[in-house]
Amino acid sequence: MSNLIVANFKMHGSHAFIEDWFTNFNQNKTSSHDVVVALPASYIAAFRNYGIVLSGQNVSAYESGAFTSQISAEMLKDSGADYCIIGHSEAREQLNESNESIREKFDQLKRMQINPIVCVGESLQVKETEKTKDHLRNQLSVLDSETEDLIVAYEPIWAIGTGLVPTEKEIDEAIGSIREIFKKPIKVLYGGSVKASNAQILLDNTDINGLLVGGASLNAQEFAKIAQLC
Ligand code: PEP
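So my numbering is basically just the index in the sequence shown, starting at one, shifted up by 33.
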């Protein structure tokens, strides 16, 4: 299985910033991994022909209709997205997303042949009360255990944007409990304070199939370094 390295720009950037980033990244990468960039939805169409696979950061749970402010899976596909992040902890918290709505989003994406990247992860409180495994099982319980080609991103909330990274043992325990839910082989990415300086250690020493990179991905050269690690 080749590693998947995903950049999550969150709500950062501008047309000029992204153009510069793509030029810079293309000059610096000699990537042996599959690379995907999750742009703010408003920029996906403009960058569809830059030779980089694009992802949305969220999608509507509905097909179409009176859902002001939302973007459908069909619109994402039409704009040029091949992947879409769903269930990111920021969206779960800020937009009050439930596991059930994430399942609806998953189905909408699959219907449009967009690869969902399903984010899961525990808060510090859940970690400290040793309920991580139950929490992950609960978040993923809405997905069919027979799902093919599933991509899950394990992102402990306490590691996102904080500079804190779980130990390799903690990552492998969480990932083991995710894999055990599904009957088919799945891709599990790790996300949370990944940088060029820790990416290789994470890829080498844990049972992950790639990385989801937030803050550090905004620097094209730093992200190119991560994308070219083996
Ligand atoms: C994220 O938000 O998906 C993420 C992994 O962020 P960061 O790399 O900044 O911790």
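Each residue gets a CB set at the ideal place from its N, CA and C atoms; glycine is no exception.
Taking the Cα positions, V86 is about 39 angstroms away from T162. Per DSSP, the continuous alpha helix (DSSP H) segment holding S134 begins and ends at N132 to R144. A232 and V69 have their C-alpha atoms roughly 16 angstroms apart. About 6 angstroms separates the beta carbons of I211 and V221, which is inside the 8 angstroms limit, making them a contact pair. For G209, there is no enclosing beta strand (DSSP E); the residue is part of the alpha helix (DSSP H) that begins and ends at E201 to R212.
With contacts defined by Cβ atoms closer than 8 angstroms, Q90 and I51 do not form a contacting pair. The straight-line gap separating the alpha-carbon atoms of V159 and N82 is approximately 42 angstroms.
Relative to the ligand PEP, the beta carbon of E255 is positioned no closer than 7 angstroms to any heavy atom. Under the three-state reduction of DSSP output, Y116 falls in the strand class. Set against 7 angstroms, the gap from the CB of G224 to the closest heavy atom of the ligand PEP is smaller.
Shortest gap from the CB of H121 to any heavy atom of the ligand PEP: under 7 angstroms. Set against 7 angstroms, the gap from the CB of G243 to the closest heavy atom of the ligand PEP is not smaller. DSSP places G196 in the coil class of the three-state scheme, outside both helix and strand. Judged by DSSP secondary structure, K220 falls outside any alpha helix (DSSP H) and instead within the beta strand (DSSP E) spanning K220 to G224. With a cut-off of 7 angstroms, the C-beta of G248 is classified as near the ligand PEP, since at least one heavy atom of the ligand falls inside that distance. Assigned with DSSP and collapsed to three states, Y83 falls in coil, not helix or strand. In terms of Cβ geometry, I193 and I38 do not form a close pair [threshold 8 angstroms]. Just measuring C-alpha positions, the residue of Y76, L128 and T63 sitting nearest S93 is L128. In the structure shown, D177 falls within a coil segment according to DSSP collapsed to helix, strand and coil. Secondary structure of I38 (DSSP, three-state): strand. In its chain, beyond the 5 residues on either side, V175 and L176 have a beta carbon closer than 7 angstroms to the beta carbon of R136. Under the DSSP assignment, I51 falls in the alpha helix (DSSP H) whose first and last residues are H48 to N61.
For G194, the shortest C-beta to heavy atom distance toward the ligand PEP is below 7 angstroms.
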